[in-house]
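There are 2 protein chains.
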Amino acid sequence: MSASSLRARVRSEMHQEIKEVARRRLAEEGANLSLRAVARDMGIVASALYRYFPSRDALLTALIIDAYDGLGDAAVDAEAALPRDDLRGRWLATCHAVRTWALAHPAEYGLLYGNPVPGYAAPQDTVAPASKVILLLAAIVAEAPAIPAGPPVPPAVRTDLRRLVDEQAGDLPEERLDRALLAWTHLFGQVNFEVFHRLDDMIHARAEYFEHHMTVLADLAGLP
Amino acid sequence: MSASSLRARVRSEMHQEIKEVARRRLAEEGANLSLRAVARDMGIVASALYRYFPSRDALLTALIIDAYDGLGDAAVDAEAALPRDDLRGRWLATCHAVRTWALAHPAEYGLLYGNPVPGYAAPQDTVAPASKVILLLAAIVAEAPAIPAGPPVPPAVRTDLRRLVDEQAGDLPEERLDRALLAWTHLFGQVNFEVFHRLDDMIHARAEYFEHHMTVLADLAGLP
DNA sequence: CGGAGTCAAGAACAGTGTTCTCGCCTGTGC
DNA sequence: GCACAGGCGAGAACACTGTTCTTGACTCCG
Numbered sequence: 176m177s178a179s180s181l182r183a184r185v186r187s188e189m190h191q192e193i194k195e196v197a198r199r200r201l202a203e204e205g206a207n208l209s210l211r212a213v214a215r216d217m218g219i220v221a222s223a224l225y226r227y228f229p230s231r232d233a234l235l236t237a238l239i240i241d242a243y244d245g246l247g248d249a250a251v252d253a254e255a256a257l258p259r260d261d262l263r264g265r266w267l268a269t270c271h272a273v274r275t276w277a278l279a280h281p282a283e284y285g286l287l288y289g290n291p292v293p294g295y296a297a298p299q300d301t302v303a304p305a306s307k308v309i310l311l312l313a314a315i316v317a318e319a320p321a322i323p324a325g326p327p328v329p330p331a332v333r334t335d336l337r338r339l340v341d342e343q344a345g346d347l348p349e350e351r352l353d354r355a356l357l358a359w360t361h362l363f364g365q366v367n368f369e370v371f372h373r374l375d376d377m378i379h380a381r382a383e384y385f386e387h388h389m390t391v392l393a394d395l396a397g398l399p
Numbered sequence: 176m177s178a179s180s181l182r183a184r185v186r187s188e189m190h191q192e193i194k195e196v197a198r199r200r201l202a203e204e205g206a207n208l209s210l211r212a213v214a215r216d217m218g219i220v221a222s223a224l225y226r227y228f229p230s231r232d233a234l235l236t237a238l239i240i241d242a243y244d245g246l247g248d249a250a251v252d253a254e255a256a257l258p259r260d261d262l263r264g265r266w267l268a269t270c271h272a273v274r275t276w277a278l279a280h281p282a283e284y285g286l287l288y289g290n291p292v293p294g295y296a297a298p299q300d301t302v303a304p305a306s307k308v309i310l311l312l313a314a315i316v317a318e319a320p321a322i323p324a325g326p327p328v329p330p331a332v333r334t335d336l337r338r339l340v341d342e343q344a345g346d347l348p349e350e351r352l353d354r355a356l357l358a359w360t361h362l363f364g365q366v367n368f369e370v371f372h373r374l375d376d377m378i379h380a381r382a383e384y385f386e387h388h389m390t391v392l393a394d395l396a397g398l399p
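Respectively, the protein sequence lines represent chains A and B. Sequential numbering of the first sequence, starting at 176, is according to our numbering. Sequential numbering of the second sequence, starting at 176, is according to our numbering.
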């Protein structure tokens, strides 16, 4: 048992190191990860990597899950650091954490929210870590005293939202989940634009720009 | 002259056909375009393509410019079809045109708004066609009778917006450009999520969902 | 201490973008 | 009408890529 766990431990360390090197490569080179380059960086031959990951896609999946976890944890930690009654603070902290993490890990962020990788279909393992941020936003909107009126939610959309609320076993009026989704969409839309350099020559004060728009969304979500 | 234009014409037809085949390949296979596959589809050897495009990146750039033009034209045409005084109609038509085009050309859309291609830096030729949609949105917001109050635009952001307005030789209060940018960000954020299959198991009534959120944004932009 | 199982290496295969050279062949300028 | 420069496609070559399989070594376990 302890012997088997010794083997298992060095194996898991090898897993970690491969992912570490792959992340570095990804950060330096951009989206297309080369197994042979990773192997070279480790002083190893490419085929040896197949002892640890059955394919390049499997390695990518591992990186994606780690990235979702990293992003989700950053958001959760930032949000948890604020007093529970500071709804707007918790909201902005979540948004800032997402932006900060994305700017610090652009390649990994691109893996998550950019073009889907060609032959790659996201396995089921990725859906839980992927939904951390939206759940966080929904939880904050749930506590808002009242949300500003807006156009009525169409019935078909209401059905979808109802189902989502039921699945997550939460208790949240559809209007509020709708606002949370709106904010979520906007948050990642804006981070996308910034990380993918779509704002480079347009907006220079990007931090203020981001904060400003997230404030508009906080208003729209009824956060005091 | 007419002789030289004969060579030039068949050359330009060849250009067109290569792009056509490449688009087909892109639509079927996904983001990573293979020159050799394109050549095979044309019954030609890969190196022959280099007579027409100096590199794979150059071909990609040509596809990207075409795509920006296609998307921009779709938006402009849809917007132009509505009476000038129907501000909200023009707004929604623009949004719908963008969504429809993106869903009809997912791979090309991914080229535009997904992960930046690895070694590829967008040349200057792409900035003009890329800004058609935001200019359209800004023009509509410019005609709104009044925009609803919101948080003040921070000074640094105001400076950026002022500069943008000056460059485009328009005449538009910063608050309005800010709302146009907000809507623009949201529009592409939402289309991104839908095209990249991030809403697949979440929202089934995606058309209504889209319309609903674009309506919220129209309100935010003060469109009657 | 012997054997089972894990590991890394290396060769091989099919595929990629890109470059270069070689003939062909045709549209062009006289 | 003709000679020829130029454009063109083919093909080989190079340096890569992911992936598979075999081979040999080494190590941990009974």
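All residues carry an ideal CB built from backbone N, CA and C; glycine is no exception.
Taking residue 224(A) and residue 210(A) to be in contact with their CB atoms under 8 Å, please state how far apart those CB atoms are, rounded to whole angstroms. A Cβ-Cβ distance of about 6 Å is found for the pair residue 224(A) and residue 210(A), placing them in contact under the 8 Å criterion.
Residues in its own chain within less than 6 Å of residue 290(A) by CB, not counting five upstream and five downstream? None.
Does DSSP classify residue 315(A) as helix, strand or coil? In this structure, residue 315(A) counts as helix in the three-state DSSP scheme.
Separation of residue 281(B) from residue 367(B), as counted between CA atoms: So the two alpha carbons sit approximately 10 Å from each other.
Quick one: grab the DSSP three-state call for residue 367(A). DSSP places residue 367(A) in helix when its eight states are reduced to three.
Cut-off 7 Å between Cβ atoms - residues of its own chain near residue 365(A), not counting five sequence neighbours on either side: Exclusion of the five residues before and after residue 365(A) leaves 385 and 388 as the residues of its chain whose Cβ lies within less than 7 Å of its Cβ.
8 Å is my cut-off, CB to CB: does residue 384(A) come that close to chain B? Closer than 8 Å to some Cβ of chain B, the Cβ of residue 384(A) qualifies, so yes.
Buried or exposed, going by whether 16 or more other CB atoms sit within 10 Å of the CB of residue 369(B)? Buried is the call here.
Let me know if residue 393(B) comes out buried or exposed under the rule of 16 or more other beta-carbons within 10 Å of its beta-carbon. Burial state of residue 393(B) is buried, judged by a 10 Å Cβ sphere holding 16 or more other Cβ atoms.
Classify residue 220(B) as helix, strand or coil using the three-state DSSP reduction. Here residue 220(B) sits in coil by DSSP.
Note down, in chain order, every chain B residue with its Cβ under 8 Å from the Cβ of residue 365(A). Going along chain B in sequence order, the residues near residue 365(A) (Cβ under 8 Å) are 360 and 364.
In terms of alpha-carbon separation, which member of 207(A), 274(A) and 192(A) lies closest to residue 218(A)? The shortest C-alpha separation from residue 218(A) is found at 192(A).
Applying the 10 Å Cβ sphere with the 16-neighbour rule, what's the burial state of residue 283(A)? The Cβ neighbour count for residue 283(A), taken over all protein chains shown within 10 Å, is at least 16; the residue is labelled buried.
Would you mind working out which of 327(B), 272(B) and 221(B) sits nearest residue 252(B), comparing C-alpha positions? Looking at the Cα atoms, 272(B) is the closest of the given residues.
Could you check which residue in 326(B), 362(B) and 351(B) has the C-alpha nearest to that of residue 399(A)? That would be 326(B), whose Cα lies nearest to the Cα of residue 399(A).
Collapsed DSSP secondary structure at residue 191(B) in the structure displayed: Helix at residue 191(B).
Taking the alpha carbon of residue 237(B) as the point to measure from, which residue in 351(B), 194(B), 246(B) and 348(B) has its own alpha carbon closest? When 351(B), 194(B), 246(B) and 348(B) are compared, the shortest CA-CA separation from residue 237(B) is found for 194(B).
With 8 Å set as the bound, which would you pick, yes or no: does the beta-carbon of residue 188(A) sit closer than that to a beta-carbon of chain B? Output row for residue 188(A): interface = no.
Pair every Cβ in the region 253 to 269 of chain A with every Cβ in the region 311 to 322 of chain A, then say whether three or more of these pairs are closer than 8 Å. Yes: the two stretches touch, three or more of their Cβ pairs being nearer than 8 Å.
Take every Cβ of the region 374 to 383 of chain A, pair it with every Cβ of the region 339 to 350 of chain A, and state whether three or more of those distances are shorter than 8 Å. Result no; under three Cβ-Cβ pairs closer than 8 Å.
Can you check the region 196 to 282 of chain B for any alpha helix (DSSP H) of at least 4 residues that lies completely inside it and give the ranges in chain order? Those alpha helix (DSSP H) runs which fall completely within the region 196 to 282 of chain B and span 4+ residues are 210 to 216, 231 to 255 and 262 to 279.
Under a CB-based cut-off of 8 Å, is residue 220(B) close to chain A? At a cut-off of 8 Å between C-beta atoms, residue 220(B) does not count as an interface residue with respect to chain A.
Compare the C-beta of residue 397(A) with all C-beta atoms of chain B and state if any pair is closer than 8 Å. Residue contact check for residue 397(A) against chain B: no CB pair falls below 8 Å.
Roughly how many angstroms lie between the CA atoms of residue 390(B) and residue 230(B), to the nearest whole one? Roughly 43 Å separates the two Cα atoms.
Thinking C-beta only, is residue 352(A) closer than 8 Å to residue 400(A)? Because chain A is modelled from 176 through 399, residue 400(A) falls outside the range shown and cannot be assessed.
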